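Participant: Residue numbers (my numbering), protein chains in the order written: chain A, 1120 to 1326; chain B, 13 to 132. Glycine included, C-beta positions come from ideal geometry on N, C-alpha and C. What you are looking at is a predicted structure, and each value in this text was computed from that prediction instead of being measured. Got a structure here, written out as structure tokens. Questions coming.
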Amino acid sequence: MRTLLLLAFAATPQILGARSEHHDLRVTRSVVSWEQVAYDVAVVDLDSGKTVLKSRVAGKPAEAVEVTGEAVRVRLAYEEKFFSATLTAANDELRTWWQLAPLTPQVINAPGAFRVGGEVAPPVAVRRVEPLYPEAARRNGVRGNVVLQVLVGKDGRVKDAVVVQGLPYGLGDSALDSIRKWQFRPATRNGEPVDAIFDMTFSFRSW
Amino acid sequence: MRTLPLLLLFAAVPTVAATLGARSAHHELRLERNAVSAEQVAYDVTVVNLDSGKTVLKAHLTGKPGEAVEATGGEKDRTVRVRLAYSAHFFSATVNVLDGKTIADEFRTWWQLEARAAGR
């Protein structure tokens, strides 16, 4: 059984890529075994038409690897559900991250809770805690929005929260850690406090 | 204040289209970015489904320099969304492919806008 699974993995390499004005990066990612992932990395200099990096490297799953050519460096890394490649050259830099597998966003299952909108007035934040910007996210220049689905109880406390739209390098967890410390004036329906579910967006800006 | 460097940057960019792109295992994004003037940038965006070979999004967009723009397309029950955005040193494109509530595919690329000193 295990052999069959290994063969299945080996048969489905992922061909990934990105191109800037000056470079074309191609990464073929193949899961060789439970302990090893192989990468074929090729970089073409689009100004000269020459292949400036062509290398096959291997690493453990989720382990970062780096390959260096004469004038270009490619770093492959993992974070949560994403795989990333960063190409750095003297006149160029590009970075791409890819979702590794289809994701179904989590949703809060809270029978009796109301969705904010219509006759349900939203909760109002009375205590906010800014999310931390993880050093890895800052170092990798990750920016964008994390969207959470939040359940606030009729006592104004955050009872549950899940990431609906995440970002790599721990930004989703950072937003979750933050929202759990917030306090609200509860949502109301016909003037009465109710448990309520709503979406909340955290914007992370580092560059 | 923050938009001033971006405006100056675009003012200095000749009106030459830059061809950019990215591909996941299932989709390919092709992007032409053309600084038409100091006040306008045009984008030609194409997304191809690599499994079927079909073009699932094709759009011509315009925006102000530094302004985010978005295009949406799709095939059957799938929605394909491309968002183009800027930060101080980078231009980015995010491709989302939604199959109902499932994110079937997602990738994002950042391109450096101009040569910069390391660490900036």
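Pull up the distance between the alpha-carbon of aspartate 63 of chain B and that of lysine 1169 of chain A, whole angstroms please.
Facilitator: Reading the second sequence from its first residue, position 51 is the one you call residue 63 of chain B. Reading the first sequence from its first residue, position 50 is the one you call residue 1169 of chain A. Approximately 29 Å between the Cα atoms of the pair.
Participant: Rounded to whole angstroms, what is the Cα-Cα separation between histidine 1141 of chain A and leucine 96 of chain B?
Facilitator: Along the first sequence, one-based indexing puts residue 1141 of chain A at 22. Along the second sequence, one-based indexing puts residue 96 of chain B at 84. Their backbone Cα atoms lie some 20 Å apart in a straight line.
Participant: Looking only at DSSP bridge pairs, what is asparagine 108 of chain B linked to?
Facilitator: Start at 1 with the first residue of the second sequence, and residue 108 of chain B comes out as number 96. Looking at the DSSP assignment, asparagine 108 of chain B forms a beta bridge with B:Arg93, B:Glu118.
Participant: For alanine 1294 of chain A, return the contacting residues in chain B, with the cut-off set at a CB-CB distance below 9 Å.
Facilitator: Position 175 of the first sequence, counted from the first residue, corresponds to residue 1294 of chain A. Chain B residues near alanine 1294 of chain A: none, gap ~17 Å exceeds 9 Å.
Participant: Would you list, in chain order, the members of the segment 1134-1165 of chain A that have their beta-carbon closer than 7 Å to a beta-carbon of chain B?
Facilitator: Listed in sequence order: Ile1134, Leu1135, Gly1136, Ala1137, Arg1138, Ser1139, Glu1140.
Participant: If the cut-off is 7 Å on Cβ atoms, which residues from the segment 1184-1216 of chain A count as contacting chain B, listed in chain order?
Facilitator: If the cut-off is 7 Å between Cβ atoms, the segment 1184-1216 of chain A has Asn1210, Asp1211, Glu1212, Leu1213, Arg1214, Thr1215, Trp1216 near chain B.
Participant: What does threonine 1223 of chain A touch in chain B if you count any residue whose Cβ is under 8 Å from its own?
Facilitator: One-based indexing of the first sequence puts residue 1223 of chain A at position 104. Result: Lys113, Thr114, Ile115.
Participant: Look up arginine 1304 of chain A in the DSSP assignment and give the residues it is bridged to.
Facilitator: Here residue 1304 of chain A corresponds to residue number 185 of the first sequence, with the count starting at 1. DSSP, once it has assigned bridges, lists A:Val1243 as partnering arginine 1304 of chain A.
Participant: Are proline 1287 of chain A and glutamate 1212 of chain A close, meaning C-beta to C-beta below 7 Å?
Facilitator: The residue you call residue 1287 of chain A lines up with position 168 of the first sequence. The residue you call residue 1212 of chain A lines up with position 93 of the first sequence. Contact: no.
Participant: Tell whether a beta-carbon distance below 7 Å holds between valine 1248 of chain A and lysine 1300 of chain A.
Facilitator: Position 129 of the first sequence, counted from the start, is the residue given in the question as residue 1248 of chain A. Position 181 of the first sequence, counted from the start, is the residue given in the question as residue 1300 of chain A. Contact: yes.
Participant: Considering only DSSP beta bridges, list what alanine 1161 of chain A is partnered with.
Facilitator: On the first sequence, residue 1161 of chain A is found 42 positions in, with the first residue counted as 1. A:Arg1145, A:Lys1173.
Participant: Might you give, ordered along the chain, the residues of its own chain that have their beta carbon closer than 6 Å to the beta carbon of alanine 1255 of chain A, omitting 5 neighbours on each side?
Facilitator: For the purposes of this step, residue 1255 of chain A is taken as the residue at position 136 of the first sequence. Answer for alanine 1255 of chain A: Tyr1288, listed in chain order.
Participant: Check the Cβ of glutamine 1302 of chain A against every Cβ in chain B and list those closer than 9 Å, keeping chain order.
Facilitator: Residue 1302 of chain A sits at position 183 when you count from the first residue of the first sequence. The contacting residues do not exist; glutamine 1302 of chain A stays about 30 Å from chain B at best.
Participant: At 4 residues or longer, and completely inside the segment 1256-1299 of chain A: list those alpha helix (DSSP H) runs for me, N to C.
Facilitator: Complete alpha helix (DSSP H) runs here, min 4: 1290-1298.
Participant: Report buried or exposed for arginine 1276 of chain A, applying the criterion of at least 16 other Cβ atoms within 10 angstroms of its Cβ.
Facilitator: The residue labelled residue 1276 of chain A in the question sits at position 157 within the first sequence. Arginine 1276 of chain A comes out exposed.
Participant: Just to check my reading of the structure: phenylalanine 1233 of chain A and alanine 1280 of chain A have Cβ atoms closer than 8 Å, yes? What is that Cβ distance to the nearest angstrom?
Facilitator: Taking the first residue of the first sequence as 1, we reach residue 1233 of chain A at position 114. Taking the first residue of the first sequence as 1, we reach residue 1280 of chain A at position 161. About 16 Å; that fails the 8 Å criterion.
Participant: Beta-carbon within less than 7 Å of glycine 1231 of chain A's beta-carbon, same chain only, minus the 5 sequence neighbours each way: which residues are those?
Facilitator: Residue mapping note: residue 1231 of chain A aligns to position 112 of the first sequence, counting from 1. Within the same chain, glycine 1231 of chain A has close Cβ partners Asp1314.
Participant: CB arginine 1192 of chain A to CB threonine 1215 of chain A, shorter than 7 Å?
Facilitator: As a working mapping, residue 1192 of chain A is identified with position 73 in the first sequence. As a working mapping, residue 1215 of chain A is identified with position 96 in the first sequence. In this structure, threonine 1215 of chain A does not lie closer than 7 Å to arginine 1192 of chain A by Cβ.
Participant: Under 6 Å Cβ to Cβ from glutamate 82 of chain B, same chain only, skipping five residues before and after it: list those, please.
Facilitator: Indexing the second sequence from 1 puts residue 82 of chain B at position 70. Cβ within range, chain order: Arg95.
Participant: Rounded to the nearest angstrom, how far is the Cβ of glycine 85 of chain B from that of alanine 71 of chain B, given a contact under 8 Å?
Facilitator: Start at 1 with the first residue of the second sequence, and residue 85 of chain B comes out as number 73. Start at 1 with the first residue of the second sequence, and residue 71 of chain B comes out as number 59. That belief holds up - the Cβ atoms of glycine 85 of chain B and alanine 71 of chain B are roughly 7 Å apart, short of 8 Å.
Participant: Sort B:Ala37, B:Ala50, B:Ser36, B:Val59 by Cα distance to glutamate 44 of chain B and report the nearest one.
Facilitator: For the purposes of this step, residue 44 of chain B is taken as residue 32 along the second sequence, with counting starting at 1. Measuring from the Cα of glutamate 44 of chain B, the nearest candidate turns out to be B:Val59.
Participant: Determine the DSSP secondary structure at serine 79 of chain B, reduced to helix, strand or coil.
Facilitator: Stepping through the second sequence from its first residue, residue 79 of chain B is reached at position 67. One point to set straight first is that residue 79 of chain B is glutamate, not serine, in the sequence displayed. Looking at glutamate 79 of chain B - three-state DSSP - the assignment turns out to be coil, as it is neither helix nor strand.
Participant: What are the boundary residues of the beta strand (DSSP E) that threonine 1205 of chain A is part of?
Facilitator: Counting from 1 along the first sequence, the entry for residue 1205 of chain A is found at position 86. From DSSP, the beta strand (DSSP E) with threonine 1205 of chain A extends over 1201-1208.
Participant: Going by Cα to Cα distance, which pick from A:Val1226, A:Gln1218, A:Ala1177 is closest to alanine 116 of chain B?
Facilitator: Reading the second sequence from its first residue, position 104 is the one you call residue 116 of chain B. Selected option, being the one with the closest Cα: A:Gln1218.
Participant: Within 7 Å of any Cβ in chain B, is that where the Cβ of glutamine 1218 of chain A sits?
Facilitator: Residue mapping note: residue 1218 of chain A aligns to position 99 of the first sequence, counting from 1. For glutamine 1218 of chain A, the answer is yes, since a Cβ of chain B falls inside 7 Å of its Cβ.
Participant: For the putative contact between phenylalanine 1082 of chain A and valine 1243 of chain A, defined by C-beta atoms under 8 Å, what is the C-beta separation to the nearest angstrom?
Facilitator: Outside the displayed range of chain A (1120 to 1326) lies residue 1082 of chain A, so it cannot be described from this structure.
Participant: Against chain A, with Cβ distances strictly below 7 Å, would alanine 30 of chain B count as a contact?
Facilitator: Here residue 30 of chain B is taken as the residue at index 18 of the second sequence, counted from 1. Judged by the 7 Å Cβ criterion, alanine 30 of chain B is in contact with chain A.
Participant: Quick check: the Cα distance between leucine 1251 of chain A and leucine 1290 of chain A, rounded to an integer number of angstroms?
Facilitator: The residue given as residue 1251 of chain A occupies position 132 in the first sequence. The residue given as residue 1290 of chain A occupies position 171 in the first sequence. Rounded to whole angstroms, leucine 1251 of chain A to leucine 1290 of chain A spans 8 Å at the Cα level.
Participant: Less than 8 Å between the CB atoms is what I'm expecting for arginine 1148 of chain A and phenylalanine 1202 of chain A, so what's the real figure, rounded?
Facilitator: Taking the first sequence and counting its residues from 1, one reaches residue 1148 of chain A at position 29. Taking the first sequence and counting its residues from 1, one reaches residue 1202 of chain A at position 83. So it is a contact: roughly 7 Å between Cβ atoms.
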